[in-house]
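**Student:**
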Amino acid sequence: MKRYIRCIPLVILTVSTLMGCAHVQKNDVVFQSSTINALVKGIYDGDVTFGELKRNGDFGLGTFNALDGEMIGLAGTFYQIKADGVAYPVEDSMKTPFAMVSFFAPDDTVMLLDTADNYTQLKRHIDGLLPSQNIFYAIRIEGKFKHIKTRSVPGQQKPYPPLVDVVKEQSIFEFHDIDGTIVGFRSPGYVHGINVPGYHLHFITKDRNAGGHLLECRMQDVTVQMDHINNFFMALPHGGEFYSADLAQDKKKDIETVEKGTSRSDIEK
Ligand SMILES: [Zn+2]
Numbered sequence: 002m003k004r005y006i007r008c009i010p011l012v013i014l015t016v017s018t019l020m021g022c023a024h025v026q027k028n029d030v031v032f033q034s035s036t037i038n039a040l041v042k043g044i045y046d047g048d049v050t051f052g053e054l055k056r057n058g059d060f061g062l063g064t065f066n067a068l069d070g071e072m073i074g075l076a077g078t079f080y081q082i083k084a085d086g087v088a089y090p091v092e093d094s095m096k097t098p099f100a101m102v103s104f105f106a107p108d109d110t111v112m113l114l115d116t117a118d119n120y121t122q123l124k125r126h127i128d129g130l131l132p133s134q135n136i137f138y139a140i141r142i143e144g145k146f147k148h149i150k151t152r153s154v155p156g157q158q159k160p161y162p163p164l165v166d167v168v169k170e171q172s173i174f175e176f177h178d179i180d181g182t183i184v185g186f187r188s189p190g191y192v193h194g195i196n197v198p199g200y201h202l203h204f205i206t207k208d209r210n211a212g213g214h215l216l217e218c219r220m221q222d223v224t225v226q227m228d229h230i231n232n233f234f235m236a237l238p239h240g241g242e243f244y245s246a247d248l249a250q251d252k253k254k255d256i257e258t259v260e261k262g263t264s265r266s267d268i269e270k
């Protein structure tokens, strides 16, 4: 009995401490719909609308139901870059099977002048600026690019094929001496299964007419803004194929294939 009495103040203290921590700043959260493994497995219908997504962020990336193109959102406007490479407006009633958004509020701004000749160098450069590898970062890179290579994917019909098969029919777009904005996130290395570890970036031209999932880039004169994010929220589908799928399988190789836009045989070489 004595032991229980002694425990009570400790329990109260713990609960109040948790409550104290429960206040999360609106602009310090990554909001994600579904999981990357679900997308890789071909679960291309989600139940989160863009209206709901906008209530959780004004900045981000993802895709659309039936995997109909690449999504990019910045300054509260969302675009659908379809397999023809054109950026279309997004209706609030449209839905996404996978997206991540945040309210962009940069903590750091750095200028990059000719210091990154390719995507790998860009990632290395940004990695060197981060206070930790273990939190999320929203990243916005804006300015002039010598070269940009993007891709988009065509909308799919049911029964949906897995993502590695869809990527085989992806459209590739090349831009030279182009003004535009790269939008995306750097996720910690431990998010396997849930999200893409490392960088996931999308591009849109300054005139907001074209873009896609970023495959390669060469900077000319750009500004890099980084928003350090310490909270992560996942909205999982309310049923459907998501409920019965085996989402615990290791899909690292497939994710690498779809992110880099190469064929599976290229990766396995
Ligand atoms: Zn993407």
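Take 2 as the starting number for the sequence shown in our numbering and just add one per residue. Think of the CB as a built atom: it goes at the ideal place given N, C-alpha and C, for glycine as much as any other residue.
Select from Asp-180, Leu-131, Asn-119, Tyr-161 the residue whose C-alpha is nearest the C-alpha of Phe-146.
**Tutor:** As a first step, residue 146 is located in the sequence shown; it is residue number 145 there, counting from the start. Here the closest residue by C-alpha is Asp-180.
**Student:** Taking 6 Å as the limit between beta carbons, can you name the residues of its chain near Ile-142, skipping five residues before and five after?
**Tutor:** For the purposes of this step, residue 142 is taken as residue 141 along the sequence shown, with counting starting at 1. Within the same chain, Ile-142 has close Cβ partners Ile-183, Val-223, Val-225.
**Student:** Quick check: is any heavy atom of ligand 1 less than 7 Å from the C-beta of Leu-62?
**Tutor:** Taking the sequence shown and counting its residues from 1, the one referred to as residue 62 is at position 61. Yes, Cβ of Leu-62 sits closer than 7 Å to a heavy atom of ligand 1.
**Student:** Within this structure, are the beta carbons of Asn-57 and Ala-106 separated by less than 8 Å?
**Tutor:** Position 56 of the sequence shown, counted from the first residue, corresponds to residue 57. Position 105 of the sequence shown, counted from the first residue, corresponds to residue 106. Not in contact: Asn-57 and Ala-106 (Cβ atoms no closer than 8 Å).
**Student:** Give a single yes or no on whether His-126 has its beta carbon closer than 7 Å to a heavy atom of ligand 1.
**Tutor:** Residue 126 sits at position 125 when you count from the first residue of the sequence shown. His-126: no, Cβ never under 7 Å from ligand 1.
**Student:** Heavy atom of ligand 1 less than 7 Å from the Cβ of Glu-170, yes or no?
**Tutor:** For this step, residue 170 is matched to residue 169 along the sequence shown. Glu-170 Cβ: outside cutoff for every heavy atom of ligand 1.
**Student:** Can Glu-175 be considered in contact with ligand 1, in the sense that its beta carbon sits closer than 7 Å to one or more heavy atoms?
**Tutor:** Against the sequence shown, residue 175 aligns to sequence position 174. Not so, every heavy atom of ligand 1 lies at least 7 Å from the Cβ.
**Student:** Should the stretch 124 to 141 be called in touch with the stretch 187 to 194, which here means at least 3 C-beta pairs below 8 Å?
**Tutor:** Taking 8 Å as the limit for Cβ pairs, the verdict is that the stretch 187 to 194 does touch the stretch 124 to 141.
**Student:** So what does DSSP say about Asn-232, is it helix, strand or coil?
**Tutor:** As a working mapping, residue 232 is identified with position 231 in the sequence shown. In this structure, Asn-232 counts as strand in the three-state DSSP scheme.
**Student:** Flag this pair as touching only if the stretch 155 to 165 and the stretch 192 to 201 have three or more C-beta atom pairs under 8 Å; answer yes or no.
**Tutor:** Not touching, per the Cβ criterion.
**Student:** Could you tell me the alpha carbon to alpha carbon distance between Ala-246 and Ala-39, rounded to whole angstroms?
**Tutor:** Here the question's residue 246 lines up with position 245 in the sequence shown. Here the question's residue 39 lines up with position 38 in the sequence shown. Looking at the two C-alpha atoms, the distance is approximately 8 Å.
**Student:** Taking just the CA atoms, how far does Met-235 sit from Ala-100?
**Tutor:** Here residue 100 is taken as the residue at index 99 of the sequence shown, counted from 1. Here residue 235 is taken as the residue at index 234 of the sequence shown, counted from 1. The alpha-carbon atoms of Ala-100 and Met-235 are separated by roughly 10 Å.
**Student:** My guess is that Ile-82 and Ala-211 are in contact by the Cβ rule of under 8 Å, so how many angstroms apart are they, rounded?
**Tutor:** Indexing the sequence shown from 1 puts residue 82 at position 81. Indexing the sequence shown from 1 puts residue 211 at position 210. Yes, they are in contact, since the Cβ atoms of Ile-82 and Ala-211 sit about 7 Å apart, within 8 Å.
**Student:** Can the beta-carbon of Ile-73 be found less than 8 Å from the beta-carbon of Ile-256?
**Tutor:** Position 72 of the sequence shown, counting from 1, holds the residue named residue 73. Position 255 of the sequence shown, counting from 1, holds the residue named residue 256. No, these two residues do not count as a Cβ contact at 8 Å.
**Student:** In chain order, what residues of the same chain lie with their CB nearer than 8 Å to the CB of Glu-92, ignoring the 5 residues before and after it?
**Tutor:** Residue 92 sits at position 91 when you count from the first residue of the sequence shown. Here the set comprises Phe-51.
**Student:** Can Val-168 and Thr-258 be called in contact, C-beta distance under 8 Å?
**Tutor:** The residue given as residue 168 occupies position 167 in the sequence shown. The residue given as residue 258 occupies position 257 in the sequence shown. Yes. Within cutoff.
**Student:** Among Phe-233, Asp-251, Lys-261, whose alpha-carbon lies nearest the alpha-carbon of Ser-34?
**Tutor:** Along the sequence shown, read from residue 1 onward, the residue named residue 34 stands at position 33. Looking at the Cα atoms, Phe-233 is the closest of the given residues.
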